[in-house]
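Below is one structure; the comments refer to it alone.
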Amino acid sequence: MVESENPGTKNVSELMKDVDSGGFVIPYFQRGFEWEPSMASELFQSILQDYYTGLLLFWDLDETKAEQEQWDPVWGASIETTPQQAVLDGQQRLSSLYYAIYNPEKKFPSRKSYYVFYLDLVKALNEEYDEAIPYKYFRHHRDWSDLKDRDQWIEEGRVPLCILSATDPENPDNSYINSREFNQWSKRFLAERSEDLPEDVIEFKVRDMFQRILNYNFVHYPLSSERDIRDICNIFAKVNASGMKLSTFDLMNAFLYPYGVELRKGLWEQEVPEELKSMDSNMNVNILKIISLQKQNYCSSKYLYNLIPGEETVREEPDGTRYEDILIESGQAFEELWKTAVDYAEEARSITMNTGGRDFGAIREEYIPYGTMLPVIAAVLWEYDGSVDDPQFRTMLKRWYWAAVFSKDYGGSSDTVMGSDFRDWKEWISQGKTMEQLAKVDAEFIEELDLKSVDKGSGRYNGVICLLALNGPRDFYRGNILGTGDFTDHRINDHHIFPKKVEGIDQEKRQSFDLYRDSIVNRTLILDETNNKIKKKKPSVYVEEMKETHESEEKVESLLKEHFISESAYEYLINDDFDNFVVEREKEIKRHVIDNIGIEEET
């Protein structure tokens, strides 16, 4: 291979042959193919109009590097020979082109279906390029023989783009778009769709529309094989100036790779339990934040880069003295910290998801108030390094957790809050100082909350659902406890107490119904089958059914108290008085919030 660092050009046809042969590979420090189908479609639209679509950056590989490093193929292709170049910038474009043109038997990334991309010839020949590349998805793969329905092409005006990789049935060395068969089809297409096309279109222009894609030139820049892996990883990270931005995790993946750390392929994909991954879409970064909190008390993105082995950072003593420090000495040290962080993250997940005496009641992931609280919990468990069953620690964790949930401090950009709370925790652990969260969230703060107006799925809404689960409520009809264990059975949901389409309630008792019917003050945890049984019944009707089931009004009142329905709220419930019911239930919910924060203990 001739090594150079001079830019050149390659057309789509040449690039796709290199991809198909396994000549191009994706380094392990790269992210995967992440584009949406619509983004692939937009790329082809740009190509049809000969717009600039960005530089391709490659790293030339000598035989030693090709064999020593670890590679992934371009999405849908395979590595069957010694790779020639690693793709540093351009993976999303090359993968999109290859998927559409070569139609591999592989589902589209992050999809459960196979996608087929088309060229809408009617749109393209009329220069309506913005709608010229439609796509369809199929449950099962459709190969060229399934898609080669030339009558359908004419009827729909659309031809699958995998025609660009098809060969002439009479001469396999020739492409299908240059075959006699395609030329004959083009004449039929023009004749049968003439009313939809410009007057000057001839067969050549039909073929040229496809050829235009294959002939489109990308500027590519090859980096010499003499560059070492550390240099290449730094270049890769800094190239992120346009297009789909790299996440913090993507960048850390690249920066750590030269130190022997396979962050994505190894530590994330193989070392993290699936239950933990599914808890939060940002869990990969959250684990980095746990390490950062533990090592330097802060966790915003700029601090995460201090976790790169050998990276020098400036630290500050409590008296203001500044000094240089290296937080992590080696790749091995980072891996050990990662594994410890994962262990504490899993412990924090268990505490958040369960409903025991020390737990926080999120019986499903969607009921977690704020995923950003997990790194703080995990880092605190790590820092405390004692038994979470210690009564004093357990009480403080409970108080801080519910204060943080109802303060809404974790509802926005929370890196600063996470760092501040963790530093407060360290001072409580070492000196017993009162935390800012607890000082801020007092009884007056809770009493002034407008819980009737919180949005479904918000932190406060989910917080109340979790408190309900912790209170061990029984189902209205079945009577079984609903919130036991790390609950994943989707038969339980947060349903309406006054049904959403309730029938027969006097208008004077439901003046606020449209405003608050979906509010948390009108929601509780019951089985789906119970909700289906209630349907549109007004409470006075289904409560009578509950009395028959449980053979006692006293038992029904006791059961409903578990759902934060006080005696006064119960009276309004059985009288179908929505307006007064929601006022009383809000009071009862706030009482439980205050009890869990432990405010009364300080007054």
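Heads up: the sequence shown is residues 5 to 607, going by our numbering.
The C-beta atom is built at its ideal place from N, Cα and C for all residues, glycine as well.
Exercise for the section: Could you work out which residue in Ser424, Leu442 and Trp432 is closest to Ser411 when comparing CA atoms only? Expected result: With distances taken between CA atoms, Ser411 lies nearest to Leu442 out of Ser424, Leu442 and Trp432.
Problem - CA nearest to the CA of Thr317, picked from Asn182, Trp432, Leu311 and Asp329 - result: Sorting Asn182, Trp432, Leu311 and Asp329 by C-alpha distance to the C-alpha of Thr317 places Asp329 at the top.
Handout entry: Reduced DSSP category for Gln441 - H, G, I as helix; E, B as strand; rest coil
Key = Here Gln441 sits in helix by DSSP.
Exercise for the section: Answer yes or no: does any C-beta atom of chain B fall closer than 8 Å to that of Thr553? Expected result: This model lacks chain B altogether; it includes just one protein chain.
Practice task
Spell out a yes or no on whether the region 124-133 and the region 87-103 are touching, meaning 3 or more CB-CB pairs, one atom from each, closer than 8 Å.
Solution key: These segments do not touch.
Problem - Extent of the continuous alpha helix (DSSP H) to which Phe253 belongs - result: Where Phe253 is concerned, the enclosing alpha helix (DSSP H) stretches over Thr252 to Leu260.
Practice task
Can you give me the start and stop residues for the beta strand (DSSP E) that Arg192 sits inside?
Solution key: Not the beta strand (DSSP E): Arg192 falls in the alpha helix (DSSP H), residues Arg184 to Glu196.
Exercise for the section: Under 8 Å by Cβ, that's how I've got Tyr118 and Phe142 pegged, so tell me the actual separation to the nearest angstrom. Expected result: Right, the Cβ-Cβ distance comes to about 5 Å (below 8 Å), so this counts as a contact.
Exercise for the section: Please determine, among Arg197, Val16 and Gly415, the residue with the shortest C-alpha to C-alpha distance to Ile51. Expected result: Of the residues Arg197, Val16 and Gly415, the one whose Cα lies closest to the Cα of Ile51 is Val16.
Exercise for the section: Have a look at Tyr139 and Phe112 and give me their C-alpha separation to the nearest angstrom. Expected result: Rounded to the nearest angstrom, the two C-alpha atoms are 12 Å apart.
Handout entry: Cβ shell of Ser544 (< 6 Å), same chain only, five flanking positions each side left out
Key = Around Ser544: Ile578 and Asp580.
Practice task
May I ask you to report which of helix, strand or coil DSSP gives Tyr119?
Solution key: Of the three classes helix, strand and coil, the one that applies to Tyr119 here is strand, per DSSP.
Problem - Beta-bridge pairing of Arg319 - partner residues as DSSP gives them - result: Note: Arg319 sits in a beta bridge opposite Tyr327.
Handout entry: Alpha-carbon to alpha-carbon, Ile601 and Trp406
Key = So the two alpha carbons sit approximately 6 Å from each other.
Problem - Neighbourhood of Gly375 by C-beta, 6 Å cutoff - its chain only, sequence neighbours within 5 removed - result: Once the five neighbours on either side are set aside, the close Cβ partners of Gly375 are Asp284.
Practice task
Provide the residue span of the alpha helix (DSSP H) that contains Tyr574, from first to last.
Solution key: Unbroken alpha helix (DSSP H) run through Tyr574: Glu571 to Ile578.
Practice task
State the DSSP-derived secondary structure class of Gly467, mapped to helix, strand or coil.
Solution key: Looking at Gly467 - three-state DSSP - the assignment turns out to be helix.
Problem - 8 Å Cβ cutoff met for Leu308 and Ile332 - result: Leu308 is not a Cβ neighbour of Ile332, given a cutoff of 8 Å.
Exercise for the section: Measure the Cβ-Cβ separation of Tyr102 and Val29 and say whether it is below 8 Å. Expected result: Their beta carbons are not under 8 Å apart, which means Tyr102 does not touch Val29 by this criterion.
Handout entry: CA nearest to the CA of Asp64, picked from Lys594, Glu18 and Gln88
Key = Closest option to Asp64, judged by alpha-carbon separation, among Lys594, Glu18 and Gln88: Gln88.
Handout entry: DSSP beta-bridge partners of Val29
Key = Paired residues: Pro77 and Ala90.
Problem - Contacting residues, own chain, Cβ-Cβ under 7 Å from Thr492 (five flanking each side not counted) - result: Note that Thr492 has pLDDT 46, beneath the 50 cutoff, so the model's placement of it is unreliable and no number is given.
Practice task
Mind the definition here: the region 433-451 touches the region 509-520 only if three or more C-beta pairs lie below 8 Å; say whether that holds.
Solution key: Counting Cβ pairs under 8 Å, fewer than three are found: no touch.
Handout entry: Member of Lys537, Leu168 and Ser334 whose CA lies at the smallest distance from the CA of Phe214
Key = Taking Phe214 as reference, the option from Lys537, Leu168 and Ser334 with the minimal CA-CA separation is Leu168.
Practice task
List the endpoints of the continuous alpha helix (DSSP H) containing Trp39.
Solution key: First-last for Trp39: undefined, no H or E at that position.
Practice task
Counting only the same chain and skipping the five closest in sequence on each side, list residues whose C-beta sits under 7 Å from that of Val525.
Solution key: Leu455, Lys456, Val586, Arg589, Glu590 and Ile593, listed in sequence order.
Problem - Range of the contiguous beta strand (DSSP E) that encloses Asn1 - result: Within the shown structure, residues of the chain are numbered from 5 to 607, placing residue 1 beyond reach of any answer.
Handout entry: Assigned secondary structure, Ile496 (DSSP; H/G/I helix, E/B strand, else coil)
Key = It is a strand residue.
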